[in-house]
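K.L.:
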Amino acid sequence: MKKIIFALATTAAVLGFSAQASAQEKAKVCFVYVGSKTDGGWTQAHDIGRQELETALADKIETQFLENVPEGPDAERAIERLARSGCGLIFTTSFGFMDQTVKVAAKFPDVKFEHATGYKAAPNVATYNSRFYEGRYISGQIAGKMSTKGVAGYIASFPIPEVVQGINAFLLGARSVNPDFKIKVVWANTWFDPGKEADAAKALIDQGVDILTQHTDTTAPMQVAAERGIKAFGQASDMIKAGPETQLTAIVDTWAPYYIKRTQAFLDGKWETTSSWDGLKDGILTMAPYTNMPDDVKAMAEETQKKIESGELKPFTGPINKQDGTEWLAAGVSSDDGTLLGMNFYVEGVDDKLPQ
Amino acid sequence: MSIVEAILLTIITASTPLVLAALGELVTERSGVLNLGVEGMMIMGAVCAFAATQMSGSPYIGILAGIASGALFSLLFGFLTLTLVANQVATGLALTILGLGVSGMIGEGFVGMSGIKLQPIAIPLLSDLPYIGSLLFRQDIIFYLSIALVVGVNWFLFKSRAGLRLRSVGDSHASAHALGINVIRTRYLAVMFGGACAGLAGAQLSLVYTPQWVENMSAGRGWIALALVVFASWRPWRLVAGGYLFGAVSISQLHAQAFGIGIPSQVLSALPYLATVVVLILISHNRRTTLINTPASLGKPFVPDR
Amino acid sequence: MRIELEKRPKISTLFSILSPFIALILTIIAGAIMFMLLGKNPLDALYSFFVEPLLEVWSLHELAIKAAPLILIAVGLSVCYRSNNWNIGAEGQFIMGAIAGSILPVVFYEWHSPLVLPLMLLMGMLGGALYAGIPAFLKAHLNTNEILTSLMLVYVAQLFLDWLVRGPWRNPDGMNFPETRTFAAEAILPELLSSGRTHWGFVFAILAAILVWFMMRYTLKGLEISVLGQSERAGRFAGFSSRKMIWFSMMLSGACAGLAGIAEVSGAIQQLRPVISPGYGFTAIIVAFLGRLNPLGIIAAGLVLALTYLGGEAAQLSIGVSEKVTRVFQGLLLFFVLSCDTLIHYKIRVIWSKLGGTAVDGGH
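Protein chains in written order, with the numbering used here: chain E, 489 to 844; chain C, 7 to 312; chain F, 30 to 393.
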C-alpha cells in the first residue's frame with residue numbers, strides 16, 4: 489500500500505514538476521526556518537543566504553520558505569508540504585529538524601534535502617555546518633590582547649557541542665597570547681531573550697570582566713557593553729550598528745556561498761549527499777571588519793585568519809589538556825572532526841562546570 | 007559604583023516592567039475582570055513605543071505611544087468581555103495570540119535598528135545621596151512613574167471614593183449596581199488602565215531595558231506579571247516587594263553562575279517560579295486574609311438588567 | 030451609540046447553530062479586508078486557509094495529528110472549568126505526562142515486551158494526573174490559588190524536561206545533542222491507517238470526548254460537576270464535596286493532558302527533546318472555550334483551530350504572506366467566534382441615542 493502511495497506521490501510530483509518546467513523552466517528551492525526571517529540572528533542569516541541565492545541564480549530558480557516552524561510534528565508537516573508542492577531541493581535550517589528531515593526524505597526519494605548542523609545523512613539527505621569555532625579562536629586571541637584584566641565574559645546559550653567548541657576555542661585563542669587568561673561563563677538557557685541576555689551581560693561586567701562575547705542571538709549584550717564602555721564581539725551577524733565603538737569583530741554566518749554551490753550542483757544534476765563542514769576558507773562564516781583595536785592587534789587577527797584559511801593553523805591542535813588536567817591532544821596532534829562534533833568537555837583553564 | 011549597587015541597579019531595571027504590568031492588572035482584577043492578555047498588550051506597547059520613537063526621534067513620544075497602544079488594545083478585550091460578555095480567560099489568551107501577531111507585523115520594518123535609549127533624569131540633591139542616590143534618584147522617567155503609580159494606586163484603591171467604588175464592583179457587581187454604580191463603565195476604565203500600564207511596561211522593554219525591537223521580546227514577562235498579582239494578594243505594596251524579589255532571584259542566579267557556583271542552571275532558572283509557589287502557599291495559608299483581598303467577582307461576567 | 034444585552038429566557042437553539050457561521054462570515058470579511066490591504070488577492074488567501082488543507086488525504090491526516098492533543102487536553106479542561114477549577118497549567122501536565130511515559134523506553138530501553146506501550150500510556154496519564162495533583166492539593170488543603178500555582182508549575186516542568194534531556198537522559202549515541210534515545214518499535218504508537226501519519230492519539234482524543242460527554246450528560250458525577258460549578262453553596266446542600274471535586278477535576282484534566290503528552294511523544298516525535306509542545310496546553314484553553322466547554326463542540330473547535338495552523342502554512346507558500354499575518358488571522362477568528370457566542374444567551378440591542386429605539390434585534 490505504502491509503495492503505491494509513494495508511486496502516486498512521485499508521479500504527481502513529476503507531473504507537477506514537468507508542467508511547471510514547461511511553463512517557466514524554473515526549479516524550486518525551499519527553506520524551512522525555525523525562527524522568524526527577521527529575527528536579527530540565526531534565521532535571518534539563512535534568509536539573507538536565500539535572497540542572495542535567488543539573486544545569483546534568478547533565471548533558473550525560485551525560492552520559497554516557511555518560517556517560525558516549531559520542531560517536532562509541525563516540522564515534519566512543513567517539510568512534507570514543501571516536498572509535495574514541487575520543491576526539488578529543500579534546506580532545513582535547524583538542528584531540531586533532523587529526524588523529521590530524514591523521515592520525509594525517505595518518502596520522497598526524488599527530492600534532495602539538506603539539513604543544517606545535524607549528523608544524520610541519507611542518499612538524498614546531505615548535512616552542512618559551519619566551523620564557527622574558527623572565528624571564536626580569532627576572537628579569543630583579540631580578547632587576550634585587548635583585555636587589561638585578562639578576564640572575558642561569555643554568554644552561552646545551551647550546552648550543545650557547537651557552543652562548547654566555541655568556549656574552548658575562545659579560551660585557546662586567548663591563552664595563545666596570554667597564558668593566564670580566564671573566562672567567566674553564564675548560561676542564559678535561551679537563544680533569544682534580549683532582556684535576559686542583557687542581564688547576563690550586566691552580571692558579567694559587574695563581576696569584573698572587561699571584554700564580552702556571546703553565543704546568543706540578539707544585540708542586547710552588545711548594547712550593554714557599549715553602555716558600560718567595554719569591548720565586545722558580535723554573533724551571527726555584524727552587530728556594529730549596536731556598538732560602533734564597541735564591537736571588535738563579529739562572527740558572521742554567511743550561508744550564501746554554500747547555498748549557491750549546492751543549488752548549482754542540483755541544477756547540473758551533480759548533487760550528491762555529503763557531510764560538509766566548511767570554515768573560514770569556504771566563506772561560510774566571515775569575520776566582520778576588525779575595528780576599535782590597535783593596528784598590531786588587527787594585524788595579528790588578520791594573520792591568524794589567513795593561517796586558519798590556509799590550513800596552517802588548526803585551533804584544536806595539541807598540546808591541549810582537558811579541564812581536569814588529563815591530556816587530550818599531544819603536541820602537534822589535531823583533533824578529529826568526530827570528537828569536535830560531539831564535544832562535551834572543557835579544555836584546561838575554563839573556569840566553569842559544564843552543565844551535564 | 008560598588009558591585010552591590012550595580013547588582014541592585016540591574017535588579018531595578020529587570021523588575022520595573024514586571025511591577026508596572028502587574029500593577030495595571032491588579033487594578034483590572036480589583037474591578038473583577040481577569041485579563042490574561044497582559045503579554046499581548048505588553049508586546050504591543052513595546053513595538054509601538056519603539057516605532058514611535060524611531061519615527062519621532064523622541065523616546066517620550068514613544069512612551070506615550072506605548073501607553074496609548076496598550077490601552078487601545080485592551081479596549082478590544084473590554085468590548086468582548088464587558089459588552090459582549092465573552093469568557094475572560096479565553097479572550098485574554100486570544101488577545102495574546104493577536105498581540106504577538108500584530109506586533110510582529112508592525113515591527114517587521116524596525117528589526118535591526120539601533121534604538122534610542124531613554125536617558126536617566128538626575129533629581130537635584132537627592133541624586134547625590136550616598137548609596138541610594140544613584141539607585142533611586144538617577145533613573146529614567148518610567149521608573150519614577152512606576153513608583154508614583156504604586157503610591158497613586160494604593161491611595162486610590164484604599165483612600166478614595168472612586169477606589170472604593172471600584173473595589174465594590176469587584177467584590178459584588180450586583181450590589182454595586184444596586185447602589186447605582188455603573189459597573190460596566192468602571193470595568194472598562196479599569197481594563198484600560200491595565201492596558202496602559204502593560205503598554206508602559208512594554209515601552210520600558212524597548213526603550214530602557216534593551217533599546218531595540220525584536221519579535222517576542224517580552225519573552226513571557228506578561229505571564230510573570232499575572233502571577234505577581236495573585237502573589238501579592240491584590241495589594242500594591244506587596245506587589246512591589248514580589249516584583250523586586252522575583253527580579254532579585256533571576257539576577258542572582260546569573261551572578262551565581264558567573265561566580266562559578268556549580269548548580270545546574272535549570273535549577274537556578276526554576277528558582278523564581280518555585281519561590282513564587284512557596285511564598286504563595288505561605289500567604290494563602292491564612293484563609294481569612296486571602297479572602298478579604300480577593301475580588302469576589304473576579305472573572306464573572308456582569309449584565310445589567312434594565 | 031450603545032449596545033445593550035438582554036438575557037434570553039432560554040438558550041437560543043437557532044443561534045447555537047448559527048453563531049459559528051456568523052463568526053466565520055465576519056472572519057472572512059475582516060480577513061478579506063486585511064489581505065486586500067496587504068495587496069494580496071483575498072479569494073486566494075481564504076482558499077488557502079480554509080479549503081486547500083482539506084483537499085488532500087495527507088493533509089487531512091496532518092489535521093488530525095495537530096488537532097488530537099488540542100482536543101484531548103481541552104476535553105479534560107472542560108471538566109475543570111465547568112466545576113469552577115481554573116487549571117491553566119495543562120502545558121506542564123502535558124510535559125510531565127510525556128516524561129513519566131518515557132521512563133520505560135528511555136531508562137529501561139532494553140526491556141522489550143508488548144506491555145511496554147500500554148504501560149507507557151498509563152504512566153503518562155498518571156504523571157499528568159499527579160502533576161495536576163500538586164495545585165489540587167494546594168487549593169483543596171491550603172487554599173492556594175490554582176491559576177497561579179498551575180501556571181508556575183508549567184515553567185518548572187519545562188525546565189525539568191530540559192535538564193533531563195541535557196543531563197541524565199541524554200542519548201549516549203546522539204553526539205551530545207540534547208535529546209533522548211529514539212524509542213524502540215514497540216514503544217511507538219502505531220499509525221491508524223496506511224494513508225498517512227495519524228496515530229492512535231486521535232482515537233484517544235475522540236474517545237475521551239465521547240466519554241466525558243456521556244459522563245456530563247447522563248451520570249450523577251456530571252450533575253455534581255455542574256452544580257458545584259454553578260454554586261458551591263448549592264453543591265454543599267446537595268451533599269457534594271467541593272474539595273473532592275477539586276481533586277477529581279484537576280486529576281482528570283491532568284490525566285488527559287498527560288495522555289496527550291505521551292501520545293504526542295510516542296506517536297509523533299518518538300523521543301524526548303528540550304521542547305515537545307508548541308504551547309498545546311495553552312491553545313487547548315482556547316479550544317475548550319471555542320467548544321463552549323462541551324466535549325463534542327471541542328472536537329469541532331480543535332479541528333477548526335488545527336485547520337488555521339495548516340492553512341497558515343499553505344498561505345505562506347501560495348500567496349506569500351508572512352507567518353505573522355497568519356497568526357493575526359487566527360486571532361481574528363478567535364475573537365469573532367468568542368463574540369458571536371454571545372448571541373446564544375443574549376439578545377443584542379444597539380441603541381443609537383439615549384431616547385432612541387432598538388435598531389437590531391438578535392432574533393428569537
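We put the beta carbon where it would ideally sit given N, CA and C, even for glycine.
1) Which ranges does the beta strand (DSSP E) cover as unbroken runs of at least 3 residues, wholly within the segment 670–707 of chain E, from first to last along the chain?
2) Could you tell me the boundaries of the alpha helix (DSSP H) in which histidine 374 of chain F lies?
3) Verify the CB distance criterion: does proline 803 of chain E have a CB-CB separation below 7 Å to chain F?
4) Would you decide whether alanine 509 of chain E is buried or exposed? Buried here means 16 or more other CB atoms lie within 10 Å of its CB.
5) Roughly how many whole angstroms lie between the Cα atoms of threonine 34 of chain C and serine 178 of chain C?
6) Please return the same chain residues whose Cβ sits closer than 6 Å to the Cβ of alanine 714 of chain E, not counting the five positions on each side in sequence.
7) Applying a beta-carbon distance threshold of less than 7 Å, which residues of chain C neighbour glutamine 359 of chain F?
8) Taking the beta carbon of leucine 84 of chain F as the centre, do at least 16 other beta carbons fall within 10 Å, making it buried, or is it exposed?
9) Run the CB neighbour count on glutamine 125 of chain C, radius 10 Å, all protein chains shown included, and call it buried at 16 or more, exposed below.
10) Where does glutamate 139 of chain F fall in DSSP's three states?
11) Output needed for alanine 500 of chain E: all residues of its chain with C-beta closer than 7 Å, excluding positions within five of it in sequence on either side, in chain order.
12) Considering only DSSP beta bridges, list what valine 464 of chain E is partnered with.
13) If we count the other Cβ atoms within 10 Å of its Cβ and call it buried at 16 or more, is phenylalanine 123 of chain F buried or exposed?
14) Is there contact here, the segment 172–187 of chain F with the segment 208–225 of chain C, by at least three beta-carbon pairs under 8 Å?
15) What number of angstroms, rounded off, separates the C-alpha of threonine 300 of chain C from the C-alpha of alanine 186 of chain F?
16) At which residues does the beta strand (DSSP E) containing glutamate 342 of chain F begin and terminate?
17) Using a C-beta to C-beta distance shorter than 9 Å, which residues of chain C count as neighbours of threonine 707 of chain E?
18) Thinking C-beta only, is arginine 173 of chain C closer than 7 Å to isoleucine 187 of chain C?
19) Contact criterion: CB-CB distance below 7 Å. Does methionine 223 of chain C meet it with respect to chain F?
20) Report yes or no: is there a C-beta of chain C within less than 7 Å of the C-beta of leucine 692 of chain E?
21) Less than 7 Å between CB atoms is the rule here; does threonine 526 of chain E satisfy it with respect to chain C?
22) Where does glutamate 85 of chain F fall in DSSP's three states?
23) Assuming leucine 336 of chain F contacts phenylalanine 79 of chain F (C-beta within less than 8 Å), just tell me the rounded distance between them.
24) Compute the distance between the beta-carbons of alanine 129 of chain F and glycine 156 of chain F, then report whether it is under 7 Å.
25) Confirm, please, whether the CB-CB distance from valine 517 of chain E to threonine 751 of chain E is below 7 Å.
26) To the nearest angstrom, how far is it from the Cα of phenylalanine 143 of chain C to the Cα of leucine 132 of chain C?
27) Output needed for lysine 548 of chain E: all residues of its chain with C-beta closer than 7 Å, excluding positions within five of it in sequence on either side, in chain order.
28) Taking all protein chains shown into account, decide if methionine 61 of chain C is buried (16 or more other Cβ within 10 angstroms of its Cβ) or exposed.
29) Can you name the start and end residues of the alpha helix (DSSP H) that methionine 279 of chain F belongs to?
30) Glutamine 94 of chain C versus chain E: which residues are under 7 Å apart at the beta carbon?
31) Give the straight-line distance between the Cα atoms of phenylalanine 166 of chain F and glycine 38 of chain C, rounded to the nearest whole angstrom.
32) Is methionine 244 of chain F close to chain E? Criterion is C-beta to C-beta, closer than 7 Å.
33) Could you please tell me which residues of the segment 297–318 of chain F, in chain order, have their CB closer than 7 Å to any CB of chain E?
34) Run the CB neighbour count on lysine 845 of chain E, radius 10 Å, all protein chains shown included, and call it buried at 16 or more, exposed below.
35) Let me know the beta strand (DSSP E) ranges lying completely inside the segment 226–265 of chain F, each 3 residues or longer, listed in chain order.
36) Compute the Euclidean distance between the alpha carbons of phenylalanine 162 of chain C and glycine 230 of chain F, then round it to the nearest angstrom.
P.N.:
By the coordinates alone:
1) The segment 670–707 of chain E contains these whole beta strand (DSSP E) runs: 670–675 and 699–702.
2) The residue you call residue 374 of chain F lines up with position 345 of the third sequence. Residues 371–374.
3) As a first step, residue 803 of chain E must be located in the first sequence, where it is residue number 315. Not a single CB atom of chain F sits nearer than 7 Å to the CB of proline 803 of chain E.
4) Against the first sequence, residue 509 of chain E aligns to sequence position 21. Residue confidence is low: alanine 509 of chain E scores 43 on pLDDT, short of 50, so the model does not pin down where it sits. Its coordinate-derived value is still stated next. Counting of Cβ neighbours within 10 angstroms places alanine 509 of chain E among the exposed residues, the total staying below 16.
5) As a position in the second sequence, residue 34 of chain C is number 28, starting the count at 1. As a position in the second sequence, residue 178 of chain C is number 172, starting the count at 1. Linking threonine 34 of chain C to serine 178 of chain C through their CA atoms gives a straight-line distance of about 15 Å.
6) Here residue 714 of chain E corresponds to residue number 226 of the first sequence, with the count starting at 1. Leaving aside the five residues that flank alanine 714 of chain E on each side, the residues in its chain whose CB is nearer than 6 Å to its CB run, in chain order, Gly731 and Thr734.
7) Numbered from its first residue, the third sequence carries residue 359 of chain F at position 330. Chain C residues near glutamine 359 of chain F: Ile103.
8) By 1-based counting over the third sequence, the position of residue 84 of chain F is 55. Using a 10 angstroms sphere on the CB of leucine 84 of chain F, the tally of other CB atoms stays under 16, which defines it as exposed.
9) Start at 1 with the first residue of the second sequence, and residue 125 of chain C comes out as number 119. Residue burial is scored here from C-beta neighbours: glutamine 125 of chain C has fewer than 16 other C-beta atoms within 10 angstroms and is therefore classed as exposed.
10) As a first step, residue 139 of chain F must be located in the third sequence, where it is residue number 110. Residue state, collapsed to three classes: coil.
11) Position 12 of the first sequence holds residue 500 of chain E. At alanine 500 of chain E the pLDDT is 45, less than 50, meaning the model places this residue with poor confidence; the figure from the coordinates comes in the next sentence. The beta carbon of alanine 500 of chain E sits closer than 7 Å to no other beta carbon from its chain once the five residues preceding and following it are set aside.
12) The requested residue 464 of chain E does not occur in the structure, where chain E is confined to residues 489 to 844.
13) As a working mapping, residue 123 of chain F is identified with position 94 in the third sequence. By the 10 Å Cβ count, phenylalanine 123 of chain F comes out buried.
14) Segments in contact, no.
15) Here residue 300 of chain C is taken as the residue at index 294 of the second sequence, counted from 1. Here residue 186 of chain F is taken as the residue at index 157 of the third sequence, counted from 1. Cα to Cα, the separation comes out at about 28 Å.
16) Residue mapping note: residue 342 of chain F aligns to position 313 of the third sequence, counting from 1. Segment 324–347 is the alpha helix (DSSP H) holding glutamate 342 of chain F; no beta strand (DSSP E) there.
17) The sequence position of residue 707 of chain E within the first sequence is 219, counting from 1. The contact set of threonine 707 of chain E on chain C, defined by CB atoms closer than 9 Å, consists of Gly118, Ser120, Thr216, Gln218 and Val220 in chain order.
18) As a first step, residue 187 of chain C is located in the second sequence; it is residue number 181 there, counting from the start. As a first step, residue 173 of chain C is located in the second sequence; it is residue number 167 there, counting from the start. No, Cβ-Cβ distance for isoleucine 187 of chain C and arginine 173 of chain C is not below 7 Å.
19) Here residue 223 of chain C refers to the residue found at position 217 of the second sequence. Not an interface residue.
20) Stepping through the first sequence from its first residue, residue 692 of chain E is reached at position 204. Yes, leucine 692 of chain E lies at the interface with chain C (some Cβ there is under 7 Å from its Cβ).
21) As a working mapping, residue 526 of chain E is identified with position 38 in the first sequence. A Cβ of chain C is located within less than 7 Å of the beta carbon of threonine 526 of chain E.
22) Within the third sequence, numbered from 1, the residue matching residue 85 of chain F stands at position 56. Shown here, glutamate 85 of chain F sits in coil according to DSSP, grouped into three states, outside any helix or strand.
23) On the third sequence, position 307 is the one that residue 336 of chain F refers to. On the third sequence, position 50 is the one that residue 79 of chain F refers to. The Cβ separation is near 7 Å, so the contact holds.
24) In the third sequence, counting from the first residue as 1, residue 129 of chain F sits at position 100. In the third sequence, counting from the first residue as 1, residue 156 of chain F sits at position 127. Going by C-beta atoms, alanine 129 of chain F is nearer than 7 Å to glycine 156 of chain F.
25) Along the first sequence, one-based indexing puts residue 751 of chain E at 263. Along the first sequence, one-based indexing puts residue 517 of chain E at 29. Yes; because the gap between Cβ atoms is below 7 Å, this pair is in contact.
26) Counted from its first residue, the second sequence places residue 143 of chain C at position 137. Counted from its first residue, the second sequence places residue 132 of chain C at position 126. Taking the straight line joining both Cα atoms gives about 6 Å.
27) For the purposes of this step, residue 548 of chain E is taken as residue 60 along the first sequence, with counting starting at 1. Result list for lysine 548 of chain E: Lys514, Ala515 and Leu755, in chain order.
28) Locating residue 61 of chain C in the second sequence gives position 55, where the first residue counts as 1. Classification of methionine 61 of chain C: exposed, given that the 10 Å Cβ count is below 16.
29) As a position in the third sequence, residue 279 of chain F is number 250, starting the count at 1. Here the alpha helix (DSSP H) through methionine 279 of chain F covers 271–293.
30) Here the question's residue 94 of chain C lines up with position 88 in the second sequence. None at all; the shortest Cβ gap to chain E is about 28 Å.
31) What you label residue 166 of chain F is simply residue 137 of the third sequence in a count that begins at 1. What you label residue 38 of chain C is simply residue 32 of the second sequence in a count that begins at 1. Note on geometry: alpha-carbon atoms of phenylalanine 166 of chain F and glycine 38 of chain C lie some 26 Å from one another.
32) As a first step, residue 244 of chain F is located in the third sequence; it is residue number 215 there, counting from the start. At a cut-off of 7 Å, the C-beta of methionine 244 of chain F has no neighbouring C-beta in chain E.
33) Within the segment 297–318 of chain F, the residues whose Cβ lies closer than 7 Å to some Cβ of chain E are Ala297, Ile298, Arg302, Val304, Ile305 and Pro307, listed in chain order.
34) It is not possible to answer for residue 845 of chain E, since the shown part of chain E is limited to 489 through 844.
35) Those beta strand (DSSP E) runs which fall completely within the segment 226–265 of chain F and span 3+ residues do not exist here.
36) Position 156 of the second sequence, counted from the first residue, corresponds to residue 162 of chain C. Position 201 of the third sequence, counted from the first residue, corresponds to residue 230 of chain F. A direct Cα-to-Cα measurement between phenylalanine 162 of chain C and glycine 230 of chain F gives close to 52 Å.
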